[in-house]
Amino acid sequence: EGYVAHINTKTGETRNIRPVHPEGKRLRFNWNAPIAHDPFGDAIFFGAQYVFKSLDKGKTWIPISDDLTTNDTNFQKFDQTGGLTFDVTGAENFTTLLCIAPDLKAKDIIWASSDDGLLHLTKDGGEKWQDLSSNLKGAPKGAWIPQVVPSPHKKGAAFVVVNDYRRNHWDSYLYYTNNYGK
7 EGYVAHINTK TGETRNIRPV HPEGKRLRFN WNAPIAHDPF GDAIFFGAQY VFKSLDKGKT
67 WIPISDDLTT NDTNFQKFDQ TGGLTFDVTG AENFTTLLCI APDLKAKDII WASSDDGLLH
127 LTKDGGEKWQ DLSSNLKGAP KGAWIPQVVP SPHKKGAAFV VVNDYRRNHW DSYLYYTNNY
187 GK
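Counting along the sequence shown from 1, when you hit position 56 you're at 62 in the working numbering, and nothing is skipped either side.
Laid out in structure tokens, this is it:
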């Protein structure tokens, strides 16, 4: 649920570095919120429904995207369960990011995917994001996209994993692009 810490292994000091939105917006973190290191610098990226970037090991964060999920409020009612106690672990959170994957060959190219079927790409470090979801032909609408693996050999190339077993669809989907998701 977005709880992440910076640990100084020499002193043992631990500090919480969970992002907060600068405008106070409520954040939705997946149980396994995505985190990635910029292969071209010291930045780290962390995901809720937004991609956040830190240049100071998590002391401060800036959002570098808008909401990259469907933001479907029908799936954000985990605390309105009709009397059932919700899990409070993040497992009940939905419309969250699952993966942030910086390109390994070119600076400022970042892939991001969500648990509600969206795949996005920025080629300028987060200034503009392109929704590539409709290019995943045959993928069930709203399926999880838990992994994007950029190629270590060619910029703009990546494998994209899609699965939908949570809704009892047992087919698996693996996509490859060598042209930035076109």
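Idealized CB from N, CA, C, for every residue including glycine.
None of these values were measured; they are calculated from a predicted model.
Asked                                                                                                                 : Found
Option in Gly148, Lys134 and Ser178 with minimal Cα separation from aspartate 72                                      : Lys134
Outcome for tryptophan 117 when other beta-carbon atoms lying within 10 angstroms are tallied against a minimum of 16 : buried
Reduced DSSP category for glycine 89 - H, G, I as helix; E, B as strand; rest coil                                    : Any reading at glycine 89 must be qualified, since the residue scores a pLDDT of 48, below 50, and its modelled position is unreliable; no value is offered.
Run of the beta strand (DSSP E) containing valine 57, from where it starts to where it stops                          : 57-60
Buried versus exposed, by CB contacts within 10 Å (16 or more), serine 178                                            : exposed
Same chain, Cβ closer than 8 angstroms to proline 158, five either side skipped, listed in chain order                : Leu110 and Lys111
Local conformation of arginine 21 per DSSP, three classes                                                             : strand
Residues bridged to alanine 208 (per DSSP)                                                                            : Nothing about residue 208 can be reported from this structure: the residues present for the chain run from 7 to 188 only.
Cβ-Cβ separation, isoleucine 115 to lysine 129 (assumed contact under 8 angstroms), whole Å                           : 5 angstroms
Whole-angstrom distance between phenylalanine 51 and tryptophan 67, CA atom to CA atom                                : 9 angstroms
Contact check, proline 69 vs tyrosine 56, beta carbons under 7 angstroms                                              : yes
C-beta atoms of alanine 42 and proline 108 nearer than 7 angstroms                                                    : yes
Cβ-based burial, glutamate 7 [other Cβ within 10 Å; buried from 16]                                                   : buried
Three-state secondary structure (DSSP) of tyrosine 9                                                                  : coil
CB of leucine 190 within 7 angstroms of CB of histidine 126, strictly                                                 : A question about residue 190 goes unanswered here, because the residues of the chain that appear run from 7 up to 188.
Alanine 203 versus leucine 61: straight-line alpha-carbon distance, rounded                                           : Summary: the structure shown does not reach residue 203, with the chain confined to residues 7 through 188, and so no result is reported for it.
Simplified DSSP assignment, three categories, for asparagine 169                                                      : strand
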